[in-house]
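Residue 1 is where the sequence shown starts when you use UniProt numbering, and the numbers rise one by one after that.
No residue lacks a Cβ here, since even glycine has one placed at the ideal position from N, Cα and C.
Model, not experiment: these values are computed from the prediction.
Written below as structure tokens is the structure these notes are about.
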Amino acid sequence: MKKVLLGTTAIVAAGMIASSPASAAEKISAKVGGYMEQWIGYATVDQSGSTRDLDGFDVKSDSEIHFTGSTTLDNGIEFGVNVQLEANTNTGDQIDESYLIVKGSFGEINLGSENSAMYKMHYAPTDYGITLNSGDQIDWAGVSGSGISTGGYFRNPYGSTYAEPGQANDSEKLTYYTPRFGGFQVGVSYSPDGTQDSNTSPDRNAAATDMVAIGANFKGDFAGASVGISGGYGKFMNSATGSSNEPEAWNVGANIGFGGFSFGASYANADENTNGSNGDGYNIGVAYSTGPLGVSLTYFNGERDGTTTAGVTTGHAEQSTVHLSANYTLGPGVTAAATLGHANFESNDTGVSEIEATYFVTGIKLSF
1 MKKVLLGTTA IVAAGMIASS PASAAEKISA KVGGYMEQWI GYATVDQSGS
51 TRDLDGFDVK SDSEIHFTGS TTLDNGIEFG VNVQLEANTN TGDQIDESYL
101 IVKGSFGEIN LGSENSAMYK MHYAPTDYGI TLNSGDQIDW AGVSGSGIST
151 GGYFRNPYGS TYAEPGQAND SEKLTYYTPR FGGFQVGVSY SPDGTQDSNT
201 SPDRNAAATD MVAIGANFKG DFAGASVGIS GGYGKFMNSA TGSSNEPEAW
251 NVGANIGFGG FSFGASYANA DENTNGSNGD GYNIGVAYST GPLGVSLTYF
301 NGERDGTTTA GVTTGHAEQS TVHLSANYTL GPGVTAAATL GHANFESNDT
351 GVSEIEATYF VTGIKLSF
């Protein structure tokens with residue numbers, strides 16, 4: 001698989017070398033964009049056996065600033081850049097994604113810190129409020145500090161069907177997307193290991209390495225209905241010496257739209273082998289939009305298996321969450337949104353109790 005990817009890159013590079021000088025092309029000029037989301041909500045959280053009091057109002061935010069730009073050479077090949085800066089303090093990952101883009105009649109190449117083709121080509125139900133299938137409910141349900149595991153939540157079926165093996169997420173990678181033919185498109189990603197923002201050479205005797213992720217989808221119209229279907233699979237091909245840890249994951253999704261209605265479903269499964277993050281999750285939903293108004297009803301269920309030793313289970317967690325959401329476009333780049341949600345988080349771990357949470361959240365989403 002690596003040879004195919006490297007071969008494709010070599011063909012593109014040869015075409016650029018053989019072309020005439022890019023005398024008419026302009027140097028890339030960076031543009032500033034991004035989004036800001038500010039939310040205020042009220043939650044009631046019930047956790048038996050706990051002394052915590054999480055009932056009340058809360059304010060949360062999620063914002064990024066994006067630096068983008070591109071130029072098209074005389075030979076028709078487009079080069080671009082995308083750098084995404086977290087606008088809230090994030091000690092673990094202040095630069096969210098940072099990658100180079102090459103486009104042409106051959107398709108598209110991404111090189112750098114970015115999600116895999118398995119993630120980016122996935123279809124899931126439409127959601128008009130706080131994101132259900134990316135894990136925002138964990139913040140409003142008060143799971144952190146409850147004793148219920150939050151490990152393996154993001155980019156894993158416990159919290160999302162947008163899963164990637166080993167939760168590799170924005171690891172440094174090379175991705176190639178084919179042109180779309182007859183509604184079909186395929187993407188393939190290769191990542192040396194699961195790390196990002198680092199030039200350290202991967203030690204193949206110390207960690208799982210050489211991730212390959214494949215995504216494919218189809219979109220088209222039939223008798224007035226829009227159809228989207230996706231599937232993805234990813235795996236680390238090499239494990240550390242003396243380890244069987246070769247994380248793998250797969251997902252499928254579908255959306256059908258007719259008139260203003262859309263119906264969607266998605267499923268993901270992960271086998272992490274040694275860290276207890278094995279599990280699966282699914283998301284179903286229905287949505288309706290008319291003019292500036294959108295309404296959605298969605299449900300998510302996800303589970304993390306944990307590990308059991310001598311009859312004692314640790315790290316197990318399961319969630320069941322439903323959201324009724326709506327948004328209204330107030331103007332270009334300005335949207336008001338709200339979500340009424342109910343979440344249940346529980347665990348089979350000894351001494352860990354169950355959480356029942358109900359919350360109403362409203363906010364403004366700005367894109368620029």
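CB-CB length for residue i against residue j, believed under 8 Å
i	j	result
N245	A208	5 Å
E164	A249	6 Å
P192	D221	About 40 Å separates the two Cβ atoms, so there is no contact after all.
A357	G142	6 Å
G260	S289	5 Å
Burial state of residue i (16 or more Cβ within 10 Å)
i	result
K120	buried
S144	exposed
R52	exposed
Q94	exposed
E272	buried
S29	exposed
V312	exposed
N283	buried
T321	buried
P292	exposed
V45	buried
D55	exposed
K365	buried
S160	buried
G279	buried
S266	buried
F345	buried
N110	buried
N156	buried
F300	buried
F236	buried
A310	exposed
Residues near residue i by beta carbon distance below 6 Å, same chain, minus five either side
i	result
P179	G107
A24	D74
G231	A216, V252
T298	P125, D127, L132, G285, H323
V361	W39, G41, I130, T339
S239	A208, N245, E246
residue 409	Limits of the chain in this structure are 1 at one end and 368 at the other, which puts residue 409 out of reach.
D72	For the sequence presented, residue 72 should be read as Thr rather than Asp. Contacts found: E78.
S189	S116, A117, K173, T175, A213
I65	G34, L85, A87
G294	Y128, N327
A22	With a pLDDT of 42 at A22, under the threshold of 50, the modelled position of that residue is not reliable, and no figure is offered here.
G194	G166, A168, S171
V186	T178, A216
T308	none
I229	F218, A254
S19	Any reading at S19 must be qualified, since the residue scores a pLDDT of 47, below 50, and its modelled position is unreliable; no value is offered.
Y359	G41, A43, W140, G341
Beta-carbon gap between residue i and residue j smaller than 8 Å
i	j	result
S116	A168	yes
Y162	H122	yes
A43	D58	yes
L100	G112	yes
S262	R304	no
A254	M118	no
Y158	A317	yes
W140	G302	no
D349	G306	yes
S353	S48	yes
G69	K103	no
G363	E37	yes
Check: residue i C-beta below 7 Å from any heavy atom of the ligand MG
i	result
G306	The ligand MG is absent from the structure shown, which contains no ligands of any kind.
Residue-level contact to chain D via CB, residue i, 8 Å cutoff
i	result
I130	Judged by its chain identifiers, the structure shown contains no chain D, having just a single protein chain.
Close Cβ partners of residue i (< 7 Å) along its chain, the five nearest in sequence each way excluded
i	result
residue 395	The structure shown does not extend to residue 395, since the chain spans only 1 to 368, so no value can be given for it.
E97	N82, Q84, S113, E114, D170
G333	L366, S367, F368
K2	Its pLDDT being 41, under 50, K2 is placed unreliably in this model, and the coordinates cannot settle the point.
A343	Q137, A141, Q319, T321, A357
F258	G224, A225
Y153	G135, I138, G159
T150	I138, V143, S144
Spatial neighbours of residue i in its chain, beta-carbon cut-off 8 Å, leaving aside the 5 residues before and after
i	result
F184	A216, N217, F218
N88	S61, D62, S63
S146	Q47, S50, R52, F345, V352, S353, I355
G76	G104, S105
Stretch pair the region 219–231 + the region 197–205: three plus CB contacts closer than 8 Å = no
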